[in-house]
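Novice: In the working numbering, the protein residues as written are 50 to 752. For glycine and all other residues, C-beta sits at the position ideal for the given N, C-alpha and C.
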Amino acid sequence: MITSIDIKKTLLYIFLAFIFSFALRLTWYYTFNTYEPFLHNGTLMLTTNDSYYWAEGARDLLAGFHQDNDLSPVHRSTAIFTAFVAQLMPFFSLESVMLFLPALLSSLIVVPIILIARSLQNLEMGLIAALLASIANSYYNRTMMGYLDTDMLNILLPVLLIWSLVLAIRTNHNRYLIITAIEIIAYRWWYPQSYSLEFAFFALLLFYVLVWDRKNLFNYKLLAMMVVAMMGADIYIRSIASVALFILFLDRRSDRFTPHILGVSVLVFILLGGINPILHQLNNYVFRDSVAKAQDGMGLHFFEVMQTIKEAGKIPFEAFATRISGHTITFIVSLIGYAYLLYRHRIILLTLPLLGLGFLALSGGLRFTIYAVPVLAIGVAFLITEIARKMPTPRLKFLSATLLALLVLLPNITHIVDYKAPVVFAQSEVSVLDNLKEIADREDYAVAWWDYGYPIRYFSDVKTLIDGGKHSGHHNFGTSFVLTSPQEVAAKMARLDVEFTERGFKLKEQDKNITLHSTIEEMTKFYGLNDTNDFLTSLQTDIELPKKSRDIYLYLPYRMLDIYPTIEAFSALDLMSGKSLKRSLFYAAPTYRQEEHLVRLSSSITFDMKQGVVVMNGKAIKVRNFTRTRYTEDGKLVKEVDTISQDGEVNIIYMASQNRFVLLDNRAYNSLYVKLFILEEYDTNLFESVTLTPSAKVFKLKI
Ligand code: MN
50 MITSIDIKKT
60 LLYIFLAFIF
70 SFALRLTWYY
80 TFNTYEPFLH
90 NGTLMLTTND
100 SYYWAEGARD
110 LLAGFHQDND
120 LSPVHRSTAI
130 FTAFVAQLMP
140 FFSLESVMLF
150 LPALLSSLIV
160 VPIILIARSL
170 QNLEMGLIAA
180 LLASIANSYY
190 NRTMMGYLDT
200 DMLNILLPVL
210 LIWSLVLAIR
220 TNHNRYLIIT
230 AIEIIAYRWW
240 YPQSYSLEFA
250 FFALLLFYVL
260 VWDRKNLFNY
270 KLLAMMVVAM
280 MGADIYIRSI
290 ASVALFILFL
300 DRRSDRFTPH
310 ILGVSVLVFI
320 LLGGINPILH
330 QLNNYVFRDS
340 VAKAQDGMGL
350 HFFEVMQTIK
360 EAGKIPFEAF
370 ATRISGHTIT
380 FIVSLIGYAY
390 LLYRHRIILL
400 TLPLLGLGFL
410 ALSGGLRFTI
420 YAVPVLAIGV
430 AFLITEIARK
440 MPTPRLKFLS
450 ATLLALLVLL
460 PNITHIVDYK
470 APVVFAQSEV
480 SVLDNLKEIA
490 DREDYAVAWW
500 DYGYPIRYFS
510 DVKTLIDGGK
520 HSGHHNFGTS
530 FVLTSPQEVA
540 AKMARLDVEF
550 TERGFKLKEQ
560 DKNITLHSTI
570 EEMTKFYGLN
580 DTNDFLTSLQ
590 TDIELPKKSR
600 DIYLYLPYRM
610 LDIYPTIEAF
620 SALDLMSGKS
630 LKRSLFYAAP
640 TYRQEEHLVR
650 LSSSITFDMK
660 QGVVVMNGKA
670 IKVRNFTRTR
680 YTEDGKLVKE
690 VDTISQDGEV
700 NIIYMASQNR
710 FVLLDNRAYN
720 SLYVKLFILE
730 EYDTNLFESV
740 TLTPSAKVFK
750 LKI
């Protein structure tokens with residue numbers, strides 16, 4: 050029986066855990082909310098690149114317009130939801146809503162955790178688990194302030210689903226039928242990739258019912274509701290069908306048809322292709338950008354971005370355990386507690402899909418650890434309450450539970466206090482983008498590396514070629530080529546890539562089924578060639594460029610210095626054969642040490658200023674230019690170029706204002722990025738400077 054004390058205690062625990070979770074997230078806010086470089090219009094900026102994607106969509110939804118093919122996610126749930134919340138809160142700016150929303154929504158995870166524990170008559174377990182789950186390392190990292198991304202509900206929604214399934218099985222109340230359906234529909238709306246997890250819940254529930262609770266008709270109603278809510282149909286159809294089925298189930302006369310209803314539902318589910326995605330889904334989870342489509346056309350080879358994303362790599366066990374539970378020992382103890390809890394409460398089996406997905410992290414990358422967090426938090430919390438229960442006096446019970454809970458929480462709290470995550474774009478960069486917004490038209494393009502795509506679109510509201518979601522090898526090729534090639538061919542490629550990207554959109558609008566290849570392939574064919582190498586060579590001649598449809602700006606930030614070699618990799622390959630071409634030498638030393646005339650750039654690279662050579666792995670190479678740059682008080686670049694040897698093969702640039710040495714060969718020295726950003730030696734026939742600051746520069750393309 051549920052008593053009123055029980056309800057009050059539940060609410061109190063939920064309140065306490067929520068405040069705890071939210072307050073800890075505020076520590077980041079109070080650390081930085083007066084730190085000028087992190088502020089934009091007086092508000093702290095966002096903490097993950099992807100958040101600017103949703104921010105762009107929310108901004109456009111609130112404005113009520115956006116441009117064709119600007120890739121703004123106005124139809125995506127996270128943007129819609131953010132805009133909706135912002136509209137409910139007219140006294141808060143969109144920026145503040147986006148900053149606080151992840152911290153508030155993710156803290157709601159405490160609600161289903163405490164409710165699940167309540168149904169197991171162990172509220173204290175719920176409180177301890179909620180405290181831990183809401184702040185454990187990986188959950189915190191991906192739901193901190195400003196981390197506006199799907200993660201803010203991605204864990205909460207399946208835990209809510211577990212709660213309603215547990216309650217449905219344990220109480221057989223009809224209301225949990227419709228609640229389960231609503232949750233599945235909401236979860237799918239929020240995160241379409243949730244499908245395989247829903248399916249795992251369904252399969253596990255089916256297993257549970259068949260093994261332990263076969264005779265109970267209610268269970269088959271629950272399974273039917275799940276199948277209908279999961280069907281491969283439009284969200285409206287699934288909603289209407291779920292409500293209709295629920296109404297049908299409320300009528301006891303339908304009971305004898307329940308098996309038939311379930312049978313028909315499963316049949317429709319399969320006919321609508323319900324099983325198909327499961328077979329391939331795992332791959333999609335592991336490789337967000339699935340393998341490139343079948344290559345008809347010229348069968349070009351591109352450099353794949355997954356080769357450069359750290360997140361997708363394997364992680365060591367200790368990092369894995371720490372991210373889930375805050376400490377390896379806690380993690381192991383949690384597993385023991387979880388096993389014990391399973392033994393005591395079979396129904397907890399329903400949490401297995403989340404735990405399994407969490408373990409995918411061991412092979413699939415860090416981002417999956419977050420799924421195991423609430424499950425293992427419940428595991429360790431159960432163990433703690435069991436130990437406390439064995440204590441002889443109430444006082445000792447309370448003390449032991451409190452002490453153990455603190456012990457488990459402490460590493461996670463320390464992590465939060467120490468985790469000084471920066472905002473993704475600093476004020477100095479954003480002011481350059483604010484300025485670009487003033488002068489550029491919304492149909493204009495900003496050409497920049499994909500890492501900067503979303504923030505550029507949010508702050509400047511221009512179009513981009515590549516971004517955090519559009520960065521396959523073939524998308525990146527053109528931009529990589531532009532940034533790392535000599536100015537003239539780079540300028541032509543920038544114009545071509547933009548015009549051919551827009552041409553692709555137009556052709557797709559005219560004929561949905563048209564097969565379009567990479568822009569580089571389309572360009573090659575357009576100029577009547579069938580070898581991309583011939584086409585790229587022809588860029589050095591006086592080819593006729595397509596008609597200019599809009600302005601193009603180049604966004605070149607200082608921070609690109611450190612990823613130049615990675616960027617180059619995307620165009621330093623023979624697209625016809627897939628063979629890598631010789632990469633240029635480009636080394637931006639993170640630090641250096643000077644001993645009189647010797648500058649040590651790394652353990653194997655020394656710049657000898659007296660001799661004018663660079664010694665690399667014991668081999669001396671003549672230096673052509675030794676260039677020193679610095680910025681004056683008012684931000685003007687001043688430069689001294691010393692030509693040491695006309696036939697030198699390498700160059701040294703010392704950027705005094707940033708105190709950085711760059712070692713680079715002649716090819717890299719002549720690249721667009723180096724000439725325009727570092728040296729400001731731009732061809733005035735091709736480019737016009739728009740904004741020149743030490744942190745980022747914008748140039749307008751003249752051709
Ligand atoms: Mn736009």
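With distances taken from CA atoms, which of P122, N118 and D117 is nearest L111?
Specialist: The residue labelled residue 111 in the question sits at position 62 within the sequence shown. It is P122.
Novice: Do M147 and S213 count as a contact pair if the criterion is CB distance below 8 Å?
Specialist: What you label residue 213 is simply residue 164 of the sequence shown in a count that begins at 1. What you label residue 147 is simply residue 98 of the sequence shown in a count that begins at 1. In terms of Cβ geometry, S213 and M147 do not form a close pair [threshold 8 Å].
Novice: Applying the 10 Å Cβ sphere with the 16-neighbour rule, what's the burial state of V424?
Specialist: In the sequence shown, the residue the question calls residue 424 occupies position 375. Buried, by the Cβ-count rule.
Novice: I need the straight-line Cα distance from V481 to D109, nearest angstrom please.
Specialist: As a working mapping, residue 481 is identified with position 432 in the sequence shown. As a working mapping, residue 109 is identified with position 60 in the sequence shown. In a straight line, the C-alpha of V481 is about 21 Å away from that of D109.
Novice: Does DSSP put D483 in a helix, a strand or coil?
Specialist: Reading the sequence shown from its first residue, position 434 is the one you call residue 483. It is helical.
Novice: Could you tell me which of N90, A72 and Y102 sits nearest to R506, measuring between CA atoms?
Specialist: Here residue 506 is taken as the residue at index 457 of the sequence shown, counted from 1. Taking only the C-alpha atoms, the option nearest R506 is Y102.
Novice: Can you tell me which of G175, I670, L271 and K469 puts its alpha carbon nearest to the alpha carbon of H222?
Specialist: If you number the sequence shown from 1, residue 222 lands on position 173. Out of G175, I670, L271 and K469, L271 has the C-alpha closest to the C-alpha of H222.
Novice: Could you tell me the boundaries of the alpha helix (DSSP H) in which F635 lies?
Specialist: Within the sequence shown, the letter at position 586 stands for residue 635. F635: not part of any alpha helix (DSSP H); member of the beta strand (DSSP E) spanning F635 to A637, first to last residue.
Novice: Count the other CB atoms, across all protein chains shown, that sit within 10 Å of the CB of V687; report buried if there are 16 or more and exposed otherwise.
Specialist: Numbered from 1 along the sequence shown, position 638 holds the residue referred to as residue 687. So V687 ends up on the exposed side.
Novice: Does the Cβ of R608 lie closer than 7 Å to at least one heavy atom of the ligand MN?
Specialist: Taking the sequence shown and counting its residues from 1, one reaches residue 608 at position 559. No, the ligand MN has no heavy atom inside 7 Å of this Cβ.
Novice: Give me the Cβ distance between F352 and A543, rounded to the nearest whole Å; I'm assuming they're in contact under 8 Å.
Specialist: One-based indexing of the sequence shown puts residue 352 at position 303. One-based indexing of the sequence shown puts residue 543 at position 494. So it is not a contact: roughly 19 Å between Cβ atoms.
Novice: Can you find at least 3 beta carbon pairs, one from the segment 61–70 and one from the segment 147–161, that sit closer than 8 Å?
Specialist: Yes: at least three Cβ pairs fall under 8 Å.
Novice: Quick check: what's the CA-CA separation for S183 versus L390?
Specialist: Looking up residue 183 in the sequence shown gives position 134. Looking up residue 390 in the sequence shown gives position 341. Computed Cα separation, rounded: 20 Å.
Novice: Whole alpha helix (DSSP H) runs in the segment 291–328 with 4 or more residues, listed along the chain?
Specialist: 307–320
Novice: Start and end of the beta strand (DSSP E) containing I654?
Specialist: In the sequence shown, the residue the question calls residue 654 occupies position 605. Its beta strand (DSSP E) spans residues I654 to D657.
Novice: Is it the case that the CB of S187 approaches a heavy atom of the ligand MN more closely than 7 Å?
Specialist: Along the sequence shown, one-based indexing puts residue 187 at 138. No, since every heavy atom of the ligand MN falls outside the 7 Å radius drawn around the Cβ of S187.
Novice: Which one of T83, F87, N90 and A132 has the shortest CA to CA distance from A107?
Specialist: Reading the sequence shown from its first residue, position 58 is the one you call residue 107. Selected option, being the one with the closest Cα: A132.
Novice: Exposed or buried, which one is I324 when buried takes at least 16 other CB atoms within 10 Å?
Specialist: Locating residue 324 in the sequence shown gives position 275, where the first residue counts as 1. Exposed is the call here.
Novice: Does the segment 374–381 come into contact with the segment 392–406, if we say contact requires no fewer than three beta-carbon pairs (one atom in each stretch) closer than 8 Å?
Specialist: no
Novice: So is Q695 buried or exposed if we call it buried at 16+ other beta carbons inside 10 Å?
Specialist: Within the sequence shown, numbered from 1, the residue matching residue 695 stands at position 646. Counting other Cβ atoms within 10 Å of its Cβ, Q695 stays below 16 and is therefore classed as exposed.
Novice: Would a C-beta distance cut-off of 8 Å place L485 and V511 closer than the cut-off?
Specialist: Here residue 485 is taken as the residue at index 436 of the sequence shown, counted from 1. Here residue 511 is taken as the residue at index 462 of the sequence shown, counted from 1. Result yes, Cβ atoms of L485 and V511 sit closer than 8 Å.
Novice: Just verifying my parser: in three-state terms, what is the DSSP assignment at M147?
Specialist: The residue you call residue 147 lines up with position 98 of the sequence shown. M147: helix per DSSP, three-state reduction.
Novice: For S476, which three-state DSSP category applies?
Specialist: Position 427 of the sequence shown, counted from the start, is the residue given in the question as residue 476. Sequence check: residue 476 is Gln here, not Ser. Three-state result, Q476: helix.
Novice: Within the present structure, is the beta-carbon of S121 separated from the nearest heavy atom of the ligand MN by less than 7 Å?
Specialist: Numbered from its first residue, the sequence shown carries residue 121 at position 72. Yes, the Cβ of S121 comes within 7 Å of a heavy atom of the ligand MN.
Novice: Please state whether DSSP places P423 in a helix, a strand or coil.
Specialist: Residue mapping note: residue 423 aligns to position 374 of the sequence shown, counting from 1. Here P423 sits in helix by DSSP.
Novice: Compute the distance between the beta-carbons of M174 and T434, then report whether it is under 8 Å.
Specialist: Position 125 of the sequence shown holds residue 174. Position 385 of the sequence shown holds residue 434. Against a cut-off of 8 Å, the Cβ pair of T434 and M174 comes out as a contact.
Novice: Can you grab the Cα-Cα spacing for the pair Y680 / P743, in whole Å?
Specialist: Position 631 of the sequence shown, counted from the start, is the residue given in the question as residue 680. Position 694 of the sequence shown, counted from the start, is the residue given in the question as residue 743. Straight-line Cα distance between these residues: approximately 7 Å.
Novice: Hey, A489 and S509: beta-carbon distance below 8 Å or not?
Specialist: On the sequence shown, position 440 is the one that residue 489 refers to. On the sequence shown, position 460 is the one that residue 509 refers to. For A489 and S509, yes; Cβs fall inside 8 Å.
Novice: Can you give the Cα-Cα distance for K746 and Y196, rounded to whole angstroms?
Specialist: If you number the sequence shown from 1, residue 746 lands on position 697. If you number the sequence shown from 1, residue 196 lands on position 147. Rounded to the nearest angstrom, the two C-alpha atoms are 27 Å apart.
Novice: State yes or no: is the C-beta of H115 nearer than 7 Å to some heavy atom of the ligand MN?
Specialist: Position 66 of the sequence shown holds residue 115. Flag set: Cβ of H115 near the ligand MN.
Novice: Flag this pair as yes or no: are the beta carbons of F736 and L725 separated by less than 8 Å?
Specialist: Within the sequence shown, residue 736 is the residue found at index 687, counting from 1. Within the sequence shown, residue 725 is the residue found at index 676, counting from 1. F736 is a Cβ neighbour of L725, given a cutoff of 8 Å.
Novice: Once the 5 residues before and after D623 are set aside, which same chain residues still bring their CB inside 7 Å of it?
Specialist: On the sequence shown, residue 623 is found 574 positions in, with the first residue counted as 1. The answer, listed in chain order, is N582 and L630.
Novice: Is the distance from the Cβ of I601 to the Cβ of V547 below 8 Å?
Specialist: As a position in the sequence shown, residue 601 is number 552, starting the count at 1. As a position in the sequence shown, residue 547 is number 498, starting the count at 1. Taking 8 Å as the Cβ cut-off, I601 and V547 qualify as a contacting pair.
Novice: If you follow the beta strand (DSSP E) that I644 is part of, which residue opens it and which one closes it?
Specialist: Here residue 644 refers to the residue found at position 595 of the sequence shown. One detail in the question is off: residue 644 reads as Glu in this sequence, not Ile. Per DSSP, E644 belongs to the beta strand (DSSP E) from R642 to E644.
Novice: Report the partner residues of T92 according to the DSSP bridge assignment.
Specialist: In the sequence shown, the residue the question calls residue 92 occupies position 43. DSSP output for T92 lists H89 as bridge partner(s).
Novice: Who are D714's beta bridge partners in DSSP?
Specialist: Residue 714 sits at position 665 when you count from the first residue of the sequence shown. For D714, the beta-bridge partners assigned by DSSP are V699.
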